[in-house]
Every structure is written in C-alpha cells, then in structure tokens.
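> Protein chains in written order, with the numbering used here: chain A, 11 to 433; chain B, 11 to 433. No residue lacks a Cβ here, since even glycine has one placed at the ideal position from N, Cα and C. Before I ask anything, here is the structure I am working with.
There are 2 protein chains.
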Amino acid sequence: MHVDIDGGRLLERLEALAEIGPITGASGERGSARLALTDADRDGRDLVLGWMRDLGLDVSIDAIGNVIAVMGEGCGHRSGRAPVLCGSHIDTVATGGRFDGNLGVLAGLEVIESVLAAGLELRHPLGVGFFTDEEGARFAPDMLGSLVYAGGMTVEQAHDIRAADPGGPGPTVRDELERIGYLGSSPCPGSPPHAFVELHVEQGPVLEAEGLRIGAVTGVQGISWTRVTFTGQSNHAGTTPMSMRRDPAAALARIAVFVNDLADRFGAPQVATVGRIELHPNLVNVVPSRATFTVDLRNTDEVVLCRAEEELAAELARVAERHGVTVETECLARFEPVAFDERIVSRVEAAAAARGLSVRRMPSGAGHDAQMLARMCPSGMVFVPSIGGVSHNPAELTEDADLVAGCQVMADVMLDLADGGDW
Amino acid sequence: MHVDIDGGRLLERLEALAEIGPITGASGERGSARLALTDADRDGRDLVLGWMRDLGLDVSIDAIGNVIAVMGEGCGHRSGRAPVLCGSHIDTVATGGRFDGNLGVLAGLEVIESVLAAGLELRHPLGVGFFTDEEGARFAPDMLGSLVYAGGMTVEQAHDIRAADPGGPGPTVRDELERIGYLGSSPCPGSPPHAFVELHVEQGPVLEAEGLRIGAVTGVQGISWTRVTFTGQSNHAGTTPMSMRRDPAAALARIAVFVNDLADRFGAPQVATVGRIELHPNLVNVVPSRATFTVDLRNTDEVVLCRAEEELAAELARVAERHGVTVETECLARFEPVAFDERIVSRVEAAAAARGLSVRRMPSGAGHDAQMLARMCPSGMVFVPSIGGVSHNPAELTEDADLVAGCQVMADVMLDLADGGDW
C-alpha cells in the first residue's frame, strides 16, 4: 500500500509555521523563535491544531500539553486499534531554524492528508503529535513532553518546573500551560501507540558529506556530560617558577587533549568535546586559580561509553596530582544509548531503497522525542541531510527535495506499519 | 660610611600612605586602590610630596608627572653632582596591596631622612622619586613615567594616551596630569642619575620558599605576550564525527600543553603561562567556532626567549593544520630582558651579607621602573620576600622585619655609591 505525498503542500505548511516567531540570521536567513509555552509557541500550536482539526482528526491534549491527533470516526476510521503515530515538536531554541522539529510534525499532517485523500483502508489508524518543550531551552530537561508521555516523569513533577527566563526563574510549566490554553485533560503517561516514527533533519554533516538522501536511524547516542573544576593557586606569571605553580589551566589543557585523543583512539562513533571553558581570573599575566570546563562524551554503546568515563576519571586524578590542583566533578547529564527497533530501522532502509533514494544506517548524535517513545512501542527515525550540519541557527537548511523525500519515506513506512498485524 | 635607618618611621609612613584609597581584601586584609592620575593618586602624591618638602629636598615635577626629590642647598648639599637616585611608584592596581611600589619610595625617604639626621657628608647627593603610571592599569603601557623619563617614549606621545576607564576611553594623560596638578615643567627625558636603586617586594614565592631575606636582582626577564585566535567551525557536539570537526578548542589545548612542556624542557628561568582563554560560543554541547587565548613566555636570556617564540610559532602552524583551523596571532607585548649593572648587583649582595642577611641573586619576573632607568645609568634592585608570592591583591604581605631589612640594605648600597667616584 502506497501513497504519493504532496511535496508542495508540505513546503507551504513549513513556510506558514516559520512565519510565527520569525527571526533573521546573520546572513538574512529566516528562522523562528518559539520558546516552549511562550505566546509564540501558543500561536504555532494554534496553527497546527487548526490543521489537525481541518483533517477531521481526533485531537487530544494531555496534562503536559502534548497534542496528539489520530484518525477516528471523523475520518471514517473505526478499527479502535492503537495508532501508527508520528510526530516531533514545534517549539524551538531562541535561534531556531525552520525545520528542526517542525518537519516531523508537518510531514505527519501531510502523510495523513494524502492517505485520507487516497481513501486507503488501514488496519491501524495513523496519528501525528507534537510534544511539549523538546528543546529544553526554557524548561529543563529537554524532551520533557515526550518524557512525561512515556511515563519517565510524573506530570506533577513536570508541572512544577520553572522557566529559566532571563532575570531569574520564571513561571512554572503548569502556569504557562494554563496561560496559553494548553493544559489538557488527557492523562499521562499516554496510551502506547502501535509504533512511532519521527522524521527529523540530521543536525549533523554526515549525510550531506556522503552524498546520501536518507538516514535510517539506528538509535540515539548515550550522553555523558561532566563539569570539571580544577582549583590551584593564582600566581604572577612572571615571578612564579614552573616548579612552584599549581596551574589549573595547564591541567585543563591536558584533559582536553586526552579526551580528544581518546575519541580518536576509540574510533567512531565515540565523540568527545570540550565546549566550555572558564578561567579565573582570566588574565594574560596571571596563573589562574581555577579552571572550569565541560566534557561531553557520546557513544552508541553503553559499555564503551562507561569505559570512556572511567578513563576520564582516572586521567583527571593523574593530571590533578601532576599539577598540584584539586579536582571536583559534577555530572550535568547522563543518558544511556537508545536502540531503535530493528523492524522500524529496516523498514526505513527498505522504503528509501524502494523509492530509489540513497540511504545509510546511522546513529543520532542529538536527542529526540522518538527515544522517549521507544520506551512504549517500537520506534524509529528518518533523517534527511542538514547542509553543512548547521543546527539551532536560522541558517539551518535542508533542500526542498530532501524534505519531500523524507516525508515520502515516512509515509511508506507508516503505511507499511499500519497495514501489518500486531507485533 | 653607614647609617642605621629608623624602621618604625618607615612602617608608619607605609601605614599612612595605605590609608589613601583604602580597600579591603577577601579576608579583611587592608589594601589600596590608587589608579594612576585619579583623585586617590593625587592625594597619595600630595602626601609623599609633602614629606619630601619636609626634608628640605629639591623637588621637581616633570612633564609626565614624575616627582624627583634630591638633596640640594636646602639640605646643605652643594656638590652639584648627579644624584644616587632611588624610587619606585605609588600608583596601584585596582586591587592593590600596601607595599608594591610604595615600599621603594618610602624607603628612599627613610634613607634620606636618616642620612640627613646623621649629618653625613656625601660625594653624590641622594635622591628619591616616584614615577607615573607604573602599573599601567589605567594607561597602557605600564612603566610609562619611567619610560618617558629614560627617553623611551616622547612626552607628546605619552600625553595623548587615553585612560582605559570603565565604559570606554577616558581622558588623556595630559588632561589628567593637569586636572590633578601634576603636569610639571621639568623636561623629559630627565637628567641621568649617577646610579639608580629600587627596593621592591618580590611579588613571587622564591625568597620565602627558600627562607631568604634579600634578593640581589640581576635583571628583569624578557617578556613575550602573544594572543592566539584559532578559528574553526561551530558544530553540534553529538552529531559531528571527530573526523569532520574543525575544533579550535582542541587546538588551543594542544598549544597550552606544548608551552607547559616547553617550559619544563627549557628549564628555569623559562616560564610559560596560558592565563586567558575565551571560547565561542562556549556551550557544553557545541564544538566551538573560535578559541582565543594568550601565551606569556618569559626568560632572562633573549636568545632562549626567541627560541621559545620560534618553537611556539612552528607548533601553532602544526596544530592548526592538524585540526583544520586557521590561526591568527597578535603580539600584545615584547620586551627584551634587562641586565642590571654588575656593580650594583654585587653591592646589594655584599651589603646584605655585611648585615647578616641571607641573600641570593635572582631575576625579576615582573617589570619595574628600574629596568627603564637602566637605559640611563647603572641600576639595580633589592627584593624582599612576598609571603606566598601574593601580589596585586590586598592580601599582599611582607613581614615588617623584611621591609626594614630591605630599606637598610638599600641605605648601605646608596651610601656606598654616593661615596664613590665617577664610574
């Protein structure tokens, strides 16, 4: 069972949604700023919710503001079975692009509209949803809505989270949901879909660099974020012999080199990044008293990720000893890798191939709602190329043809799943 | 010819001057803030100038605000010979201690007062001066007054320098000299003294660590400050494979390790410091686009310092190539090492030994007015211990006994020089 989606309609909806909370990039690129549960987010939600209702879908809003729209009586679907759900998010970071999140939601609408227009009879209904606060830019943690949907956090806990607004803690999630009219009545956790598929831009450079059109996402890398503080002794850079220094910046540099070399030594998919460094007092002629920095380690293999963490811990101790500094570490984030369901991954691969689209299996380096849904049902993702790997920036760009191709592959996969029996 | 100085009087003057622009350190320590040519600096100048006049010294103020007080008719000295001059500075950094600079000036007053009281007949008169803007905290470069005094910069150039005041460039040196009443009429360059001696706190940990009382300063290290900017590509720390990164933070870390190892490899007195680091955008999960940092290299041997600079330049190119980043460098400061006159260094050593004070020869890691005076006349310095090497901080501390001992050694050296013939 197949349907050809309408690429022009998808692109039009992407354009229309991008007009809400419009921002302009450094070179005039058009992006969007719709931080979670702000007025701009509400306006974006209202627009997409209207489109869902226009299609006659059964729309539910749950207690964390997730919006799920499923084919039901209004669309002539009466199976009562769990839906083949797709979706993503429509909130953005402050410097958001047009596609991150939005593509997965609007592609879902497009698939459903095409299927309804074709009058196909499905065993499982199709559905599309958008999850609250995926970006985590206003309320931590990120992927909050899908986390609560999948039962990973209670709705009460989530309601009490306060906005990290400029100038100090802002209102709570519950306050803001109520204010913008999205404090729904559907319960959390939500009911498990039959399957979940998320189309998303890669946010990395791999597909473009390899000249490929589609990524069949095998899972999401595990993430380990550590904040390290080395404390030594502030000293005059001219008058203090090397042998009498306790230099936390030298210690930091040795660790940054160590993790960079570790990633090379472990090989792909291990990545390691020191993205943030603060020295104190940060003056040219003063040996710093303190160096604070972050180490971001990621791997798809939990065992290997643990080994990287162990090696880092051992090296931190060795380097602290060598430079006579003390070391404190704080875990800022730790997520185990998530493996997507092989039955979804292989269907994505097969659907792309059947459409003549070049495809590779690949992990996701970034977090996505699909990794939360994977706790409830067989889940997977479809990636399309991000030009230059640019993300979280108005300059984020995916070619129109790739946006449409990704939507088509998702349509094929969803129909395949909707046509199948129970797992 | 000898005189015993009055330690109590020296300590009282240090206390009195410290009361002008008083600040308090983190643990309640008393420091001073008298940035060059501010009202507080004027008040400090007025106090010291009053003391100079009280002693009957001939006081001159030159066009850059340096104040030089020499024994003349008013003190019964009629040789007309060039003075044996001592001195330092009384401006401070914003977080200044009580001794940096002030000690050398007030010790000079004490030596002269003691010599006058003893009625000694000297071949050369004694003099004491304080030089404008030694710290460079408000007007760059540092050691400005002594630089102009020694003919290293024209007074016109110096007059046009603007204050680096908060909120943007402030008034010029000339405006501020005029405003505080210290735009003098004596010409610059000044007339060469017979010799110049500067007593100063070490601002480093060596004397205290070695249990020594006096440093006979052999010279001032050469200084090479380079600001390095590596520019790469900002990328998502999760989605960008190591092989596709252009990571300026990794490049920075390799350079910081390289210069730390270089100092160990070259051995003392080579020192190397990375004291300032700025990443952009400085986020835990983003490979930075830019890393800016400083490298401070110092050595007493110009040839070795040049070799260190050459090795750094070669390594910058290698590391930039390795990490696919571009490198820009800017020289922030470059001073050749200054060697003090052996005749002064040996006199300091002998004077300390004669007083039963433990002494070692040592270079200065910090810059001092004496290095400018060394362009005009035989010059040298006397160091006393800084507890913990703490400097530019209200917690800066030298034991009273060491302050007095340093002053006594300077008195002995000055009398020895004043009693001698022409060079």
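If we count the other Cβ atoms within 10 Å of its Cβ and call it buried at 16 or more, is E144/A buried or exposed?
The residue labelled residue 144/A in the question sits at position 134 within the first sequence. Buried, by the Cβ-count rule.
> Whose Cβ in chain B lies nearer than 8 Å to the Cβ of D274/A?
Here residue 274/A refers to the residue found at position 264 when the first sequence is read from its first residue. M252, listed in chain order.
> Within 8 Å (strictly less), CB to CB, does I33/B reach chain A?
Here residue 33/B is taken as the residue at index 23 of the second sequence, counted from 1. Not one chain A Cβ lies under 8 Å of I33/B.
> So which residues on chain B does R264/A lean against when the C-beta distance must stay under 7 Å?
Taking the first sequence and counting its residues from 1, the one referred to as residue 264/A is at position 254. Simply V267.
> Which of helix, strand or coil does DSSP assign to C387/B?
Counting from 1 along the second sequence, the entry for residue 387/B is found at position 377. C387/B: coil per DSSP, three-state reduction.
> Comparing alpha-carbon positions, which option in V423/B, D429/B, D432/B and E409/B lies nearest G17/B?
The residue given as residue 17/B occupies position 7 in the second sequence. That would be E409/B, whose Cα lies nearest to the Cα of G17/B.
> What span of residues does the beta strand (DSSP E) with N112/A cover, start to end?
Counting from 1 along the first sequence, the entry for residue 112/A is found at position 102. N112/A -> not in any beta strand (DSSP E); alpha helix (DSSP H) instead, spanning N112 to A128.
> Compare the C-alpha of E212/B against each of P395/B, G41/B and Q418/B and name the closest.
Within the second sequence, residue 212/B is the residue found at index 202, counting from 1. When only C-alpha atoms are compared, the closest one is P395/B.
> Kindly list, in the order they appear in chain A, the residues whose Cβ is closer than 9 Å to that of H87/B.
Along the second sequence, one-based indexing puts residue 87/B at 77. Those do not exist, as H87/B stays about 37 Å from chain A at its closest Cβ, beyond 9 Å.
> Let me know the secondary structure DSSP gives A343/A once reduced to three states.
Residue numbering aside, residue 343/A sits at position 333 when the first sequence is read from its first letter. In the structure shown, A343/A sits in a strand (DSSP, three-state: E or B).
> Report the option in R357/A, T102/A and S70/A whose CA atom is closest to the CA atom of Y192/A.
In the first sequence, counting from the first residue as 1, residue 192/A sits at position 182. Among R357/A, T102/A and S70/A, the Cα nearest to that of Y192/A belongs to S70/A.
> Rounded to a whole number of angstroms, what is the C-alpha to C-alpha distance between G86/B and V238/B?
Mapped onto the second sequence, residue 86/B falls at position 76. Mapped onto the second sequence, residue 238/B falls at position 228. Distance between the alpha carbons of G86/B and V238/B is about 57 Å.
> Have a look at G366/B, L27/B and S368/B and flag the residue whose alpha-carbon is nearest the alpha-carbon of G106/B.
In the second sequence, counting from the first residue as 1, residue 106/B sits at position 96. Residue L27/B is the option with its Cα nearest to G106/B.
> Taking the alpha carbon of F393/B as the point to measure from, which residue in A117/B, S234/B and L154/B has its own alpha carbon closest?
Position 383 of the second sequence holds residue 393/B. Looking at the Cα atoms, A117/B is the closest of the given residues.
> Which residues, in order along the segment 101–127 of chain A, keep a beta-carbon less than 7 Å from a beta-carbon of chain B?
Cβ contacts with chain B: none found.
> Cutting at 6 Å between CB atoms, please list the residues of its own chain near L132/B, excluding the five before and the five after it.
The count along the second sequence starts at 1 and reaches residue 132/B at position 122. Here the set comprises A428.
> Does the beta carbon of H246/B sit closer than 8 Å to a beta carbon anywhere in chain A?
By one-based count along the second sequence, residue 246/B stands at place 236. Yes, contact with chain A.
> Rounded to a whole number of angstroms, what is the C-alpha to C-alpha distance between V348/A and M391/A?
Position 338 of the first sequence, counted from the first residue, corresponds to residue 348/A. Position 381 of the first sequence, counted from the first residue, corresponds to residue 391/A. So the alpha carbons of these two residues sit roughly 12 Å apart.
> In the DSSP assignment, find the beta strand (DSSP E) that holds C96/A and state where it starts and stops.
By 1-based counting over the first sequence, the position of residue 96/A is 86. C96/A -> beta strand (DSSP E) spans V94 to S98.
> Hey, D475/B and S401/B are a contact pair by Cβ (cut 8 Å); roughly how many whole angstroms apart?
The question about residue 475/B has no answer, for chain B in this structure spans 11 to 433.
> Among S244/A, V103/A, L113/A and E208/A, which one has its Cα closest to the Cα of V355/A?
For the purposes of this step, residue 355/A is identified with residue 345 of the first sequence, where counting begins at 1. Among S244/A, V103/A, L113/A and E208/A, the Cα nearest to that of V355/A is on E208/A.
> Suppose contacts are defined by Cβ-Cβ distances below 8 Å. Is F206/A in contact with C96/A by that definition?
On the first sequence, position 196 is the one that residue 206/A refers to. On the first sequence, position 86 is the one that residue 96/A refers to. Result yes, Cβ atoms of F206/A and C96/A sit closer than 8 Å.
> If I'm right that N309/A touches G232/A with Cβ under 8 Å, what's the distance once you round it to whole angstroms?
Residue 309/A sits at position 299 when you count from the first residue of the first sequence. Residue 232/A sits at position 222 when you count from the first residue of the first sequence. That pair is a contact at about 6 Å.
> Using a Cβ cut-off of 8 Å (strictly closer), state whether I78/A contacts chain B.
Along the first sequence, read from residue 1 onward, the residue named residue 78/A stands at position 68. I78/A does not count as touching chain B.
> Counting only beta-carbon separations shorter than 8 Å, does P298/A have a partner in chain B?
Taking the first sequence and counting its residues from 1, the one referred to as residue 298/A is at position 288. Yes, contact with chain B.
> Between R148/B and chain A, is there a C-beta pair that is closer than 8 Å?
Counting from 1 along the second sequence, the entry for residue 148/B is found at position 138. No - not a single Cβ of chain A is within 8 Å of the one on R148/B.
> Bridge partners for E338/B per DSSP, in chain order?
On the second sequence, residue 338/B is found 328 positions in, with the first residue counted as 1. Paired residue(s): T239/B.
> When burial is assigned at 16 or more other CB atoms within 10 Å of the CB, is E220/A buried or exposed?
Position 210 of the first sequence, counted from the first residue, corresponds to residue 220/A. The residue in question, E220/A, is exposed, as its Cβ has fewer than 16 Cβ neighbours within 10 Å.
> Would you please state the rounded distance, in angstroms, between the beta carbons of C341/A and T236/A? I believe it to be under 8 Å.
Start at 1 with the first residue of the first sequence, and residue 341/A comes out as number 331. Start at 1 with the first residue of the first sequence, and residue 236/A comes out as number 226. About 6 Å separates the two Cβ atoms, so the contact holds.
> In whole angstroms, give me the CA-to-CA distance for G146/B and L47/B.
Along the second sequence, read from residue 1 onward, the residue named residue 146/B stands at position 136. Along the second sequence, read from residue 1 onward, the residue named residue 47/B stands at position 37. Computed Cα separation, rounded: 11 Å.
> So, does the segment 255–269 of chain A touch the segment 249–268 of chain B, judging by three or more C-beta pairs under 8 Å?
Yes, the segment 255–269 of chain A is in contact with the segment 249–268 of chain B.
> How big is the Cα-Cα spacing for V436/B and G416/B?
In the structure as shown, chain B starts at 11 and stops at 433, and residue 436/B therefore has no counterpart that could be examined.
> By the 8 Å beta-carbon criterion, what residues does the segment 406–432 of chain B contribute toward chain A?
Within the segment 406–432 of chain B, no residue qualifies.
> Return the first residue and the last residue of the alpha helix (DSSP H) that D56/A is part of.
Looking up residue 56/A in the first sequence gives position 46. First-last of the alpha helix (DSSP H) with D56/A: D49 to D64.
> CA-CA distance, H204/B and Q167/B?
Here residue 204/B refers to the residue found at position 194 when the second sequence is read from its first residue. Here residue 167/B refers to the residue found at position 157 when the second sequence is read from its first residue. Distance between the alpha carbons of H204/B and Q167/B is about 27 Å.
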